[in-house]
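In the working numbering, the protein residues as written are 9 to 542. Think of the CB as a built atom: it goes at the ideal place given N, C-alpha and C, for glycine as much as any other residue. Please read all numbers here as calculations on a predicted model, not as lab measurements. Data first, discussion second: the structure below is written as structure tokens.
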């Protein structure tokens with residue numbers, strides 16, 4: 009097995025980037041080697057990613073690229089593992105819930121240590137939850153109106169008790185995404201009472217299996233393993249570290265993994281994945297997921313604030329194009345809640361019906377032709393292809409679509425408020441936790457400003473039903489409400505509900521230990537279990 013220095017890797021990656029569009033199929037004399045970087049005898053795995061990490065701060069931001077680095081550098085009380093997903097104790101050794109689901113008591117692992125050696129105690133748990141709640145970003149929406157910092161009790165250093173304002177059955181399902189931060193480091197790096205937000209954008213203050221050693225915004229992020237990680241490592245081995253390298257073009261990633269310039273690819277078009285699955289030196293994993301793709305429409309401003317126009321768009325789109333673009337590795341949605349998730353209900357699916365689309369366009373009462381914008385991740389080939397298909401479909405009823413490619417951080421900023429949100433935006437969403445509340449809460453104002461809430465959909469009846477359901481401990485009562493919520497959202501057509509696609513990654517043959525969990529976002533990988541063989 010042959011590694012390479014970081015300098016040699018970056019040189020080869022640059023060459024791959026410039027040549028990516030020129031080289032075609034697989035094989036054909038392309039040199040195969042292992043991509044890992046060697047530094048002082050350590051092997052650093054290289055991940056090719058189409059998306060940047062805008063902000064590492066666990067209280068402020070999450071998407072698939074951000075969460076992949078957050079879960080590597082931080083720990084939570086519980087962790088999702090396996091397929092089907094299960095929550096397992098992590099910083100906690102266990103927990104109890106009161107019969108009414110209002111009081112939750114967690115017992116901490118006395119071994120847990122932050123990277124600088126401080127114990128992960130109940131005070132750290134309380135301060136981390138308090139910080140996220142008070143900053144009102146990131147995962148804060150999941151407990152909005154449910155938990156106040158004053159209601160977090162720390163009877164001793166290894167016990168933390170959450171007294172919720174109301175019964176909340178999904179609480180344990182949410183906990184894995186509330187990462188714990190070192191309060192002492194936050195105090196050290198605080199600037200003008202900013203809760204160390206400036207520092208945490210590019211640094212970690214966690215207890216996870218890796219720590220940040222290099223941060224090049226929009227380019228590359230390097231993490232090294234914490235060799236004496238308090239939780240220990242899987243018996244088969246672990247990485248010494250990994251480099252998360254931004255490579256926006258799918259063709260660039262394909263060439264890079266063929267050549268051995270990267271070990272893992274998170275963005276290769278389906279036909280090339282099919283070829284890589286049978287090529288020497290690489291393999292492809294494929295698992296059914298609950299990640300959904302939708303074309304989110306701005307429900308507050310512009311032409312798409314008109315419900316009849318949104319329904320015209322929904323009926324004009326040819327959904328078969330989604331299946332064709334993903335070469336059959338997808339299924340079409342028939343409800344806001346993903347197929348396979350508990351609480352899902354089958355609804356009459358939107359499918360192309362140009363006659364109905366024209367009728368809804370007439371009902372909308374807008375001058376034709378209508379002009380709409382569709383924003384997608386620059387370099388994400390499938391999102392671009394979907395945009396082209398959308399453009400062709402809508403042209404048949406007098407709607408012109410302009411395609412605009414932008415970087416993901418730019419898209420997140422555009423979608424932060426209705427005034428800057430485009431008419432339509434391509435968005436993949438993985439439910440944050442294994443409960444319908446994780447999906448349906450995205451259609452309430454608590455999700456506004458987050459990438460999954462860029463529709464800015466508002467229906468007071470939906471909001472009331474979601475809040476009612478999450479306050480009940482009895483599942484049978486909750487599911488009846490969720491079925492009604494799905495029907496109302498579906499009728500309002502806040503977006504083009506598109507597809508659930510098969511989750512697929514390409515790896516070099518030396519990469520082992522991948523464990524799929526459907527609750528990990530889009531292209532996210534748990535690097536804790538990954539190792540290099542040989």
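- Under DSSP, no beta-bridge partner is assigned to residue 363.
- In this structure, residue 352 places its C-beta atom within 8 Å of the C-beta atom of residue 346.
- If you draw a straight line from the Cα of residue 288 to the Cα of residue 513, it comes to about 16 Å.
- Per DSSP, the beta-bridge partners of residue 414 are 385.
- Under the three-state reduction of DSSP output, residue 130 falls in the helix class.
- Counting only runs that start and end inside the region 182-220, the alpha helix (DSSP H) elements of at least 4 residues fall at 191-196, 205-208.
- Taking residue 102 as reference, the option from 115, 95, 540, 111 with the minimal CA-CA separation is 115.
- Looking at the DSSP output, residue 513 sits in a beta bridge with 293.
- Inter-residue distance for residue 142 and residue 455 is about 16 Å (C-alpha atoms, whole angstroms).
- The residue among 541, 377, 394 with its C-alpha nearest the C-alpha of residue 384 is 394.
- Boundaries of the alpha helix (DSSP H) harbouring residue 324: 315-324, taken from the DSSP string.
- The region 300-319 makes no contact with the region 249-261; the number of CB pairs closer than 8 Å stays below 3.
- Assignment of residue 97 by DSSP, reduced to helix, strand and coil, places it in the strand class.
- Here DSSP, grouped into helix, strand and coil, assigns residue 52 to strand.
- Relative to residue 429, the option among 164, 502, 462 whose CA is nearest is 462.
- Listed in chain order, the non-local C-beta contacts of residue 489 below 7 Å within the same chain comprise 473, 476, 477, local neighbours out to five positions each way being set aside.
- Taken atom to atom, the span from the alpha-carbon of residue 170 to that of residue 249 is near 35 Å.
- Contact between residue 459 and residue 247 does not hold, since the beta-carbon distance rounds to 28 Å and is not under 8 Å.
- In this structure, residue 64 sits away from residue 202, with a CB-CB distance that is not shorter than 8 Å.
- With a threshold of 16 other beta carbon atoms within 10 Å, residue 286 falls short and is exposed.
- DSSP lists no beta-bridge partner residue for residue 226.
- Relative to residue 359, the option among 466, 325, 368 whose CA is nearest is 325.
- Between the alpha carbons of residue 136 and residue 190 lies a gap of roughly 8 Å.
- In this structure, residue 272 places its C-beta atom within 8 Å of the C-beta atom of residue 55.
- Put simply, the region 75-84 touches the region 175-191. At least three CB pairs are less than 8 Å apart.
- In terms of Cβ geometry, residue 73 and residue 57 form a close pair [threshold 8 Å].
- Rounded to whole angstroms, the separation of the alpha carbons of residue 180 and residue 109 is 10 Å.
- Residue pairing of residue 498 in beta bridges, as defined by DSSP: absent, with no partner found.
- Secondary structure at residue 122: coil, using DSSP grouped into helix, strand and coil.
- Cβ contact annotation for residue 419 (same chain, cutoff 7 Å, sequence separation greater than five): 383, 385, 433, in chain order.
- Counting other Cβ atoms within 10 Å of its Cβ, residue 196 stays below 16 and is therefore classed as exposed.
- Within 10 angstroms of the beta-carbon of residue 87 lie 16 or more other beta-carbons, which makes it buried.
- Here the alpha carbon of residue 184 sits roughly 33 Å from the alpha carbon of residue 284.
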